[in-house]
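Taking it in order: structure first as structure tokens, then the write-up.
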Amino acid sequence: MTDLNDIPLRPDLRGQLPYGAPQINVPVALNVNENTFGIPEVVAVEIIQRLAAEVIGLNRYPDREFMQLRGKLADYLGFGLIPEQLWAANGSNEILMQAFQAFGGPASSAISFGPTYSMYPNIARISLTPYREYEREANFELSADYVAQRIRDSKPGIVLLCSPNNPTGTPISLEVIEAAYQAFDGILIVDEAYAEFSEEESALSLLSGRPRLMISRTMSKAFAFAGARVGYVAADASAIDALRIVRLPYHLSSLTQAAALAALSFSELLLENVAQIKGQRDRIVRQVTGMGLRAYRSDSNFVLVEGFKDPNGVFERLLERGVLIRNVGIPNTLRFTAGTESETTKLLAELALVLD
Ligand SMILES: *Cc1c(COP(=O)(O)O)cnc(C)c1O
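Note that the working numbering numbers the sequence shown so that position 316 is 528, with each residue one more than the last.
Take a look at the structure:
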């Protein structure tokens, strides 16, 4: 059998494995921070109608600039954004990859503050960008002075700030983001994948006059649209033009564009469950605290919980009981996504049994 060692793989990729959380079919899947509420029927019907209209024209390449979708994304975000300040791709992971292709590379470098999103080092590696992760401060929080000092020390080409942060749930204040921007002359990417769940003001309010600031968003989480693969970014039009240079032609299919437009036309309805999910998140915090565990501050749709002597054992026993959660590798912790009320009830009941 030929294996990876027998073919001329890039030396820096040898020994690497494809990234991804386990995909296991279970009744209660709370491991990748999806919105577990399904797509409402009226939205599904609208999506199907728009897809049907596109199918007949699939012999042609899609609209490469997708100005209609960029306009609707600008309308959704507000802040006076114009279509030229928006860009979309197949998930915000692709947005981040394009940003690294445009602004990173071997002559540049990137930093972030960990524990944070585990795709950052991956995207850096694939794009040949040197990457370093500084530790977060106590309780995984970040202060303006600390962040600015680390940036001044390392003078990176790219700084990644995830707010609220995955996997800890910690939001980052605008004061920290402003200080980070001022501390260097590279590109500051604020990853707001979970912004719709957060009480913190969005970094979108800082965009005006800051051409090196990029704010990435996704429809995968709050919008319940993970399967459609739609991420997007808001920035100065010049930064968007940089992404247009590195994007592969026609990267966003006509079907994806149509589905995203349909979903955006129902954004209020799709976001209706956000309040309910936040309620379940707060319920997880209260109940695990009552079990003698510790929940970190979360402004997102998941909670990082500490106090497990054997996180992997708890993970396995929950899985046996049909509940899939995430062991993110932070000692003594597990991460729980807030689902529907009944999923959360099941999670908490099984957790109590497992801990007993
Ligand atoms: C889920 C997630 C994303 C993106 O996911 P896509 O599905 O690729 O849009 C980006 N950043 C963070 C921090 C996430 O947790």
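Note that the Cβ used here is the ideal one computed from N, Cα and C, for glycine as well.
When DSSP states are grouped into helix, strand and coil, Val445 belongs to the strand group.
DSSP places Asp403 inside the beta strand (DSSP E), whose first and last residues are Ile399 to Asp403. Going by C-alpha positions, Ile542 is about 8 Å away from Pro327. Under the three-state reduction of DSSP output, Tyr462 falls in the coil class, being neither helix nor strand. With a 10 Å radius around the Cβ and a threshold of 16 neighbouring Cβ atoms, Ser321 comes out buried. Per DSSP, reduced to three states, the secondary structure at Val517 is strand. Looking from the CA of Glu562, the closest CA among Leu400, Glu518, Leu516 and Met503 belongs to Met503. In the structure shown, the three-state DSSP call for Arg509 is coil.
Counting C-beta pairs closer than 8 Å gives fewer than three between the region 229 to 240 and the region 415 to 431, which falls short of the contact rule. Per DSSP, the unbroken alpha helix (DSSP H) holding Ile338 starts and ends at Met331 to Ile338. Here DSSP, grouped into helix, strand and coil, assigns Glu347 to strand.
Here DSSP, grouped into helix, strand and coil, assigns Ala265 to helix.
Look at Ile427 here: in three-state DSSP terms it is strand. Closest by C-alpha distance to Glu306, out of Phe291, Gln280, Thr552 and Arg459, is Arg459. Ligand 1 has a heavy atom closer than 8 Å to the beta-carbon of Asn245.
For Leu298, there is no enclosing alpha helix (DSSP H); the residue is part of the beta strand (DSSP E) that begins and ends at Leu298 to Ala301.
For Phe548, the secondary structure class from DSSP, reduced to helix, strand or coil, is strand. Counting only residues of its own chain and dropping the five nearest sequence neighbours on each side, Ser355 has a CB closer than 8 Å to the CB of Glu349 and Val388. According to DSSP, Phe325 shares a beta bridge with Tyr346. Short note on Ser466: C-beta not closer than 8 Å to any heavy atom of ligand 1. In the DSSP assignment, Leu373 falls within the unbroken beta strand (DSSP E) covering Ile370 to Cys374.
Relative to Ser410, the option among Asp511, Asn539 and Glu253 whose CA is nearest is Asp511.
Taking every protein chain shown into account, the CB of Thr501 has fewer than 16 other CB atoms within 10 angstroms, so this residue is exposed. Counted as a single uninterrupted DSSP element, the alpha helix (DSSP H) harbouring Tyr288 occupies residues Met279 to Leu289. Distances between the C-beta of Asn305 and the heavy atoms of ligand 1 include at least one below 8 Å. Under the DSSP definition of a beta bridge, Leu530 lacks any partner. Here Ala407 carries a helix assignment [DSSP, helix/strand/coil].
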